[in-house]
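Below is one structure; the comments refer to it alone.
The following block contains the structure:
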């Protein structure tokens, strides 16, 4: 008999249909992954099991936990079940913990709420689970506050809280999306181990198909609130029935082919760049400490070359990007574009700025909501000595919008009328409009769903062919960098630890850190012949 | 924690110094010579000089500033131009009315506002919440001195539960004193409580939307338990700011309310001093008020650290 | 249009209309004494009754609205005109000595509640409407500086500002072109709230004699005059009080309504 069985679950929130007749089941010790793009209803399915749905939610169908139908339980009965029978881990470890309570208090709290054991036993249990999740109290005392821990460590605390009473079912909603790839691997291992060890059912919600393929026993693919396909992992991967499932897996492993780069001629030269930040002083009288964000970095980017930069959060890649863009001055070293320094004196050099543009990660924060698209994408004209006007300006706008796959009529719209993928296209149009020598792509596809991501990658490959782009592509996603760059650099703790031909670096990494990164990244298995 | 407290202390001292310079400078530009104002136009030059020396009006501006500040540090606020008595004596008498009044009002305001705000937030959108929001909307629109007059009309003139004005003093017992401060305190407290309750409610609503509240519910805490254990303390952080600001409003407000109830507090003192052009009294009372406000804000900063471990830091 | 917005704009325009109307027409001359008809309760001839000199209360309330609105409006203007640029500058130069000086200056002004500023000014220069305006206006500066800086700081972190910097735009240009339009809603809402607080502050100051001087009618002073007569002529106190409440309530509802209408995420500082 299965542990959890969802039968024809339908959900509306304020009359809007969110879930349509969703069914799935989980056995003890089994890992079931629910996957899909944003808006597929996967997270709502998890919240429905917890009965923590937003106001105005109406449900139909049944959710059986053993013999209890969770949809029929009173709120009081659900309180008894939550934490004791069902535990839950959330996406954002940075905000999932109460900032004003110690981690010990928060882990222990689960126990007396359910009056499960005495105070001393509860404390012993907190010690035990924290040790189990890799935070032994002798190194991480219970008196620590959440802000004193890293993201991965906080996620471990959240997991400890969820498993303190050994629930039968653990729900994990995108538990590693906010984490670095090496931390992600550890957390996934931990979750997998816990499920096996305690015989827990694990309901895992994730958009990342590589993660799904890596750890799930069963896969459930959702779209627009419906289950389109489900089955045992190996069967499903080898024999996808639904076209959407195939499309999703293809998009996740999407490959593009770039035109051959021309003969190497240096465009951007970065020499021995160092950037320090001052740390807040530890005591009133001590000297302020320094944090070296970028440590003696040197590299060359050739004309027509597509260079990747990978590394985990805090490795210094953002700081380096800002230095290249001339947004921040460096302490020592030199950054030259086309043989001219990015900073002339202590001021950004306008002659260099004119040759560079940037595309950012967040499609929602990248545009002033009060301007129309025409004004948004022509903002870089400010850099030109004689910006085009009149019909010439109109023509440039139309050309750019067409080049990125939009219509010239879109120029008069406001940014809120566009989807995330369309916004990234507009961002690319803005970067391209002054025909810069170099474009910096700062995680340009990280916030997008896989199918949209594939389209943007296609667009980039296309633009490479038509506009001879030279770019620096910064990303934490190795699979993206692998297909969209010619050469790649790996950054760790402010240093570039390895650089070389992309294929070369990925297939035979030389530096230990590169190997760790590549090993940690979950891999999408080669999809069977019957996919295509 | 110690470092944080020290850092705030330094900025407290700087604020006090700048404030004292500003107050001193403003009073200095006042036209006219207090000594000739006091003695009249026919005064002899040597009597004037003697009076100036007595009042500490001779000497350079800088010297006088340091005399004034140095005096205040040891509790000497100078001599009143009109009464020829030490200002410190006059202030301390009045302070025994104004300070208890402000604290009484602050206590009332907090006692009313916190439960009301928490209640409203817990019942968001329901009739209880709408009632609290409606009443507080009205509450923030009511001028406290007018409210005071209405209280007098109802509870003193018609019902005769309280005296319409005056202060019984503390000599006849704490209760008698408190009794005569009750109407003024209510008049001061209720409009402030309306603001505080609204801030408490919206701050708590913000917290209720935080993810850690969902984590708490996922542990099996009921809505109510989660609200009390995880919500209230986090919601206090912005509320403290308002509470600190409110103290200064209550002090200032008490100056006006004292007029309604004929209370012999700092407010009466300062208005008498203004009409008598007794600038040394005005100067000292204003400095005292500003000192109180800055000090209370310092304590609020320390209270933040007590509530929010992120500010404490660990070295 | 929400109920708040509707009710708020109706009440506020009512008061504004009364104030504007008073320039061309009032039922009686507000300064005309009519001792035989003194202390009349509201009736058909005198809608709001008469005061202890027989002056028509309705006319006085109309002219008083003028005083209140003028003082509060100019005070908000002063606060915005100085506070907003200060806030924008502080945000643009975040962490610099300039930011530090502006913010410390703000804290310092906050330590002088408007009544205390008014006491200081009056003690030196004498009482009057202008001094009331200055006292309330000075206190408004840090309010606007602080909320502008707060909102601007989070905007400076946004990627569209980085994009503008990459497009070579300087801090002043970005502040004017990108930051200011995006904090405008917040400023409108906060301006409405400060306006209502200004009405309350003006009433308080004229009640204690630090505001507009006779013969200019003001609601606060009408209340002060009423105080000794409240037991036998309660309308003298009730009517100016209700006028203040209606105005402040109207403006507050308008502010809340505008906030919900323009952008529900706006946080208003209320102190």
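Chains as they are written, first to last, in our numbering: chain A, 280 to 811; chain B, -17 to 297; chain C, 227 to 497.
For glycine and all other residues, C-beta sits at the position ideal for the given N, C-alpha and C.
Everything numeric in this text was worked out from a predicted model, so none of it was measured.
task: For residue 157/B, count neighbouring C-beta atoms within 10 Å of its own C-beta (all shown protein chains included) and say buried if the count is 16 or more, exposed if not.
output: Counting from one through the second chain, the residue named residue 157/B turns up at place 175. Exposed, since its Cβ has fewer than 16 Cβ neighbours within 10 Å.
9 Å Cβ cutoff, residue 109/B in contact with chain C: The residue given as residue 109/B occupies position 127 in the second chain. With 9 Å as the cut-off, residue 109/B does not count as an interface residue toward chain C.
- prompt: Any C-beta of chain A sitting closer than 9 Å to the C-beta of residue 43/B?
  reply: Start at 1 with the first residue of the second chain, and residue 43/B comes out as number 61. No - not a single Cβ of chain A is within 9 Å of the one on residue 43/B.
Beta-carbon proximity list for residue 776/A, same chain, < 6 Å, skipping 5 on both sides: Here residue 776/A refers to the residue found at position 497 of the first chain. Result list for residue 776/A: 769, 790 and 792, in chain order.
task: Could you pull out every residue in the same chain whose Cβ sits closer than 6 Å to the Cβ of residue 807/A, ignoring the five residues on either side in sequence?
output: The residue given as residue 807/A occupies position 528 in the first chain. Confidence at residue 807/A is low in this model, with a pLDDT of 42, below 50, so the placement of that residue should be treated as unreliable; the coordinate-derived value is given next. 517.
- prompt: Listed from N- to C-terminal order along the chain, which residues in the stretch 44 to 68 of chain B have their beta-carbon within a distance smaller than 9 Å of any beta-carbon of chain A?
  reply: none
message: I need the straight-line Cα distance from residue 365/C to residue 317/C, nearest angstrom please.
response: Your numbering for residue 365/C matches position 139 in the third chain. Your numbering for residue 317/C matches position 91 in the third chain. Their backbone Cα atoms lie some 20 Å apart in a straight line.
Short Cβ contact (9 Å threshold) for residue 434/C with residue 249/B: Looking up residue 434/C in the third chain gives position 208. Looking up residue 249/B in the second chain gives position 267. A contact, by the Cβ cut-off of 9 Å.
field: Under the three-state DSSP convention, the category residue 343/A falls into
entry: What you label residue 343/A is simply residue 64 of the first chain in a count that begins at 1. Residue 343/A: strand per DSSP, three-state reduction.
- prompt: Using the beta-carbon of each residue, which ones in chain C are nearer than 9 Å to residue 157/B?
  reply: The sequence position of residue 157/B within the second chain is 175, counting from 1. What residue 157/B touches in chain C: nothing, since even the nearest Cβ is about 27 Å away.
task: Pick out whichever of 90/B, 276/B, 267/B and 226/B has its Cα sitting closest to the Cα of residue 172/B.
output: Against the second chain, residue 172/B aligns to sequence position 190. The residue with the shortest Cα to Cα distance from residue 172/B is 90/B.
- prompt: What span of residues does the alpha helix (DSSP H) with residue 408/C cover, start to end?
  reply: Locating residue 408/C in the third chain gives position 182, counting from the first residue. Counting along the chain, the alpha helix (DSSP H) containing residue 408/C begins and ends at 406 to 433.
task: Tell me residue 249/C's beta-bridge partners as DSSP assigns them.
output: Counting from one through the third chain, the residue named residue 249/C turns up at place 23. In the DSSP output, where bridge partners are listed per residue, residue 249/C has none listed.
- prompt: Opposite residue 348/A in the DSSP bridges: which residues?
  reply: For this step, residue 348/A is matched to residue 69 along the first chain. Residue 348/A is bridged to 343/A.
message: What does DSSP give as the partner residue(s) for residue 620/A in the beta ladder?
response: For the purposes of this step, residue 620/A is taken as residue 341 along the first chain, with counting starting at 1. 615/A.
- prompt: What is the residue span of the alpha helix (DSSP H) that residue 306/C lies within?
  reply: Taking the third chain and counting its residues from 1, one reaches residue 306/C at position 80. Here the alpha helix (DSSP H) through residue 306/C covers 283 to 318.
Check whether residue 424/A and residue -15/B have beta carbons under 9 Å apart: The sequence position of residue 424/A within the first chain is 145, counting from 1. The sequence position of residue -15/B within the second chain is 3, counting from 1. Not a contact, by the Cβ cut-off of 9 Å.
message: Which of the three DSSP states is assigned to residue 551/A in this structure?
response: Position 272 of the first chain, counted from the start, is the residue given in the question as residue 551/A. Strand, per DSSP.
message: According to DSSP, is residue 802/A part of a helix, a strand, or is it coil?
response: Start at 1 with the first residue of the first chain, and residue 802/A comes out as number 523. If DSSP states are grouped into helix, strand and coil, residue 802/A belongs with coil.
query: Applying the criterion that 16 or more other CB atoms from any shown protein chain within 10 Å of the CB defines a buried residue, is residue 304/C buried or exposed?
result: Here residue 304/C is taken as the residue at index 78 of the third chain, counted from 1. Residue 304/C comes out buried.
- request: May I ask you to report which of helix, strand or coil DSSP gives residue 267/C?
  value: Locating residue 267/C in the third chain gives position 41, where the first residue counts as 1. Note: residue 267/C maps to coil in three-state DSSP.
message: Report the start-end ranges of each beta strand (DSSP E) in the stretch 630 to 705 of chain A that is 3 residues or longer and not cut off at the edges.
response: 635 to 638
query: DSSP on residue 383/C, reduced to helix/strand/coil?
result: As a working mapping, residue 383/C is identified with position 157 in the third chain. Residue 383/C: coil per DSSP, three-state reduction.
query: Is residue 658/A buried or exposed, if buried means 16 or more other CB atoms sit within 10 Å of its CB?
result: The residue labelled residue 658/A in the question sits at position 379 within the first chain. Residue 658/A should be labelled buried.
query: Whose Cβ in chain C lies nearer than 7 Å to the Cβ of residue 641/A?
result: As a working note, residue 641/A is residue 362 in the first chain. Per Cβ cutoff of 7 Å: 385.
- prompt: Are the Cβ atoms of residue 61/B and residue 36/B separated by less than 9 Å?
  reply: Translated into the one-based positions of the second chain, residue 61/B becomes position 79. Translated into the one-based positions of the second chain, residue 36/B becomes position 54. Yes, the Cβ-Cβ distance between residue 61/B and residue 36/B is below 9 Å.
query: Just how far apart, CA to CA, sit residue 235/A and residue -7/B?
result: No answer is possible for residue 235/A: the residues shown for chain A start at 280 and end at 811.
Proximal chain C residues relative to residue 238/B, where beta-carbon distance stays under 8 Å: For the purposes of this step, residue 238/B is taken as residue 256 along the second chain, with counting starting at 1. What residue 238/B touches in chain C: 341, 430, 433 and 434.
Range of the contiguous beta strand (DSSP E) that encloses residue 510/A: For the purposes of this step, residue 510/A is identified with residue 231 of the first chain, where counting begins at 1. Residue 510/A -> beta strand (DSSP E) spans 505 to 511.
message: With a threshold of 9 Å between beta carbons, is residue 230/B in contact with chain C?
response: Along the second chain, one-based indexing puts residue 230/B at 248. Yes, its Cβ sits closer than 9 Å to a Cβ of chain C.
task: Pick out whichever of 555/A, 590/A, 305/A and 622/A has its Cα sitting closest to the Cα of residue 605/A.
output: For this step, residue 605/A is matched to residue 326 along the first chain. Measuring from the Cα of residue 605/A, the nearest candidate turns out to be 622/A.
- request: Note down, in chain order, each residue of its chain lying with its Cβ closer than 8 Å to the Cβ of residue 474/A, except the 5 sequence neighbours on either side.
  value: Counting from one through the first chain, the residue named residue 474/A turns up at place 195. Within the same chain, residue 474/A has close Cβ partners 308, 309, 310, 449, 480 and 481.
message: Counting beta carbon pairs with one atom in the stretch 705 to 720 of chain A and one in the stretch 647 to 666 of chain A, are three or more of them shorter than 8 Å?
response: yes
Residue from 354/A, 708/A, 342/A and 613/A whose Cα sits closest to the Cα of residue 638/A: Position 359 of the first chain, counted from the first residue, corresponds to residue 638/A. Residue 708/A is the option with its Cα nearest to residue 638/A.
query: By how many angstroms is the C-alpha of residue 297/C removed from the C-alpha of residue 254/C?
result: Along the third chain, read from residue 1 onward, the residue named residue 254/C stands at position 28. Along the third chain, read from residue 1 onward, the residue named residue 297/C stands at position 71. Residue 254/C and residue 297/C: Cα-Cα distance of roughly 24 Å.
- prompt: Is the CB of residue 441/A under 9 Å away from at least one CB in chain B?
  reply: Here residue 441/A corresponds to residue number 162 of the first chain, with the count starting at 1. Closer than 9 Å to some Cβ of chain B, the Cβ of residue 441/A qualifies, so yes.
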